[in-house]
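Chains V and L are the protein sequences, given in the same order.
Residue 1 is where the first sequence starts when you use this note's numbering, and the numbers rise one by one after that.
Residue 1001 is where the second sequence starts when you use this note's numbering, and the numbers rise one by one after that.
No residue lacks a Cβ here, since even glycine has one placed at the ideal position from N, Cα and C.
These numbers were taken from a predicted model, which means no experiment stands behind them.
Note sheet for the following structure.
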Amino acid sequence: MSHFSQIRTKIRNLTSLQAALSDLGTDWKAGPSAVRGYQGNEETAEVVIEQSNGYDIGFKLNPVTQEYELVADLQYWQQPLSVDGFLNQISQRYALHTVMAATSQQGFQVAEQQTTEDGAIRLVVQRWNA
Amino acid sequence: MLLSRIKGKLTYGCFQVFILNFLSGCLSTLSKIFMETLEFIIYADGRVKEMVTGIVGRSCEEVTAAIEAQLGDVINQETTAEYYQQPVQQDNQATSQSFSSWV
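Here is the structure:
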């Protein structure tokens, strides 16, 4: 039987998550709003990605872990990337935004940013020592 | 005659290399003193490796803590005392590394 699945992530910052989704060209909307599932089932999530097949993908805050979990009926997954591929890319972009936000807050500026052959992002930030 | 010319060139070449090495050494020492540099490798699956070079100020620890708070569990790889006993090699040496990991 089709049902919602919740997949754990390590995503804790909503702004960085939204920036990551935008990086991937995902058309997301801010919630809290309904994630449509099988047979009228609904979940409420902080970020919702609507799919044309009528079943949505959401990121829902787990109040215990304070992490945003992926909520979706995986049987109706309709994205260019697989679930794993999608989560990996989101995680990488999320990490990049988190690192950039945290370092710029401390006065660091990006000196270098490049994508390596294996798909990793190398980021160098620098700051003058007062 | 030819030999002495080659010798002269060689000496000059060595001198140039020496000067260049000396200058770049000065530069890297200066940047080590005055620049805080953080290097991050963000892997395709979202794991993050952090390397700190130059002077490690308190703000670096704050940055690392802030990142760790948002990226989840972190495995720290502390620098051991042995590290400091090693002869000085290249610039851009990592003085500490931390990894975030998926559990």
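So is residue i in contact with chain V if we call contact Cβ pairs under 7 Å?
i, result
"E1039 (chain L)", "yes"
"V1052 (chain L)", "no"
"V1017 (chain L)", "no"
What's the call for residue i, buried or exposed, on a 16-neighbour Cβ count within 10 Å?
i, result
"D84 (chain V)", "exposed"
"Q149 (chain V)", "For chain V, the structure presents residues 1 to 130; residue 149 (chain V) sits outside this window and is missing."
"D27 (chain V)", "exposed"
"E1050 (chain L)", "buried"
"K60 (chain V)", "buried"
"Q39 (chain V)", "exposed"
"S91 (chain V)", "buried"
"K134 (chain V)", "Chain V is shown only over 1 to 130; residue 134 (chain V) falls outside these bounds and no answer can be derived."
"S2 (chain V)", "exposed"
"G1013 (chain L)", "exposed"
"G118 (chain V)", "Strictly speaking, residue 118 (chain V) in this sequence is Asp, with Gly absent from that position. With fewer than 16 other Cβ atoms within 10 Å, it is exposed."
"S1024 (chain L)", "exposed"
"E1039 (chain L)", "buried"
"G54 (chain V)", "exposed"
"G1046 (chain L)", "buried"
"Q18 (chain V)", "buried"
So which residues of chain L does residue i contact, with C-beta pairs closer than 7 Å?
i, result
"G119 (chain V)", "A1044"
Run down chain V in chain order and give the residues with a C-beta less than 7 Å from the C-beta of residue i.
i, result
"L1071 (chain L)", "K10, A95 and T98"
"E1061 (chain L)", "Neighbours of E1061 (chain L) on chain V: none; closest Cβ ~10 Å, over 7 Å."
Which bits of chain V does residue i rub up against, with CB to CB less than 8 Å?
i, result
"F1034 (chain L)", "W128 and N129"
Does any residue of chain L have a CB that is nearer than 7 Å to the CB of residue i?
i, result
"S104 (chain V)", "no"
"D23 (chain V)", "no"
"N41 (chain V)", "no"
"S91 (chain V)", "yes"
"A20 (chain V)", "no"
Taking Cβ-Cβ distances shorter than 9 Å, what residues in chain L pair up with residue i?
i, result
"L123 (chain V)", "L1038, E1039, F1040, I1041 and I1042"
"F86 (chain V)", "Per Cβ cutoff of 9 Å: no residues; F86 (chain V) is ~12 Å from chain L at best."
Residue i versus chain L: which residues are under 8 Å apart at the beta carbon?
i, result
"N13 (chain V)", "Q1070"
"F4 (chain V)", "Here the premise fails: no neighbours, minimum Cβ distance about 22 Å."
Going by DSSP, which residues form a beta bridge with residue i?
i, result
"W28 (chain V)", "V:I49"
"K60 (chain V)", "V:E69"
"A34 (chain V)", "V:T44"
"W77 (chain V)", "W77 (chain V) is not bridged to any residue."
"M1035 (chain L)", "V:W128"
"I1019 (chain L)", "BP columns for I1019 (chain L) are empty, so no partner."
Can you determine whether any heavy atom of the ligand GTP sits closer than 6 Å to the C-beta of residue i, and answer yes or no?
i, result
"M100 (chain V)", "For the ligand GTP, the structure offers nothing, since it holds no ligand at all."
Note down, in chain order, all residues in the stretch 59 to 89 of chain V with a beta-carbon under 7 Å from any beta-carbon belonging to chain L. N88
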